[in-house]
Amino acid sequence: SASQWTHLGNFILAPGYSDEIIYAYLARGLTKLETPPDQDNDEDIEVVLMTPTELETAILAGEPVDAKSISSFLLAKPHLSS
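For the sequence shown, this note's numbering gives the first residue as 15, with consecutive numbering after it.
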């Protein structure tokens, strides 16, 4: 759960293939939920806590390689302190 949400921007993952739009947000004032939200059967979500510096280092090392994570981090970076 988060007490503050900042809309960072939107982007399309695969123009010409899909019109799916990703809406990126920065969440602050986080509170861990006792029971995580329900997931779809095909979802496998793992929460990994990292500082902005740790995430940038991981991205430059090739992990994660998905466009959603990299694009969202680049949009969030001006709002973050290391």
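Cβ atoms here follow ideal geometry from the backbone N, Cα and C, with glycine treated the same way.
It should be emphasised that the depicted structure is a prediction, and the values quoted were computed from it without experimental measurement.
Contact check between the stretch 40 to 48 and the stretch 24 to 31: fewer than three CB pairs, one atom from each, fall below 8 Å, which does not count as touching. Around the beta carbon of L74, a 10 Å sphere encloses fewer than 16 other beta carbons of the protein chains shown; the residue is thus reported as exposed. T65 and G30 have their alpha carbons spaced roughly 34 Å apart. Secondary structure at I59: coil, using DSSP grouped into helix, strand and coil. When DSSP reads this structure, H21 sits in a beta bridge with Y39. Taking the Cα positions, Q18 is about 21 Å away from S85.
Short of 6 Å from the beta carbon of V62, and not among the five residues preceding or following it, lies no beta carbon of its own chain.
Straight through space, the alpha carbons of S32 and S15 are spaced by roughly 30 Å.
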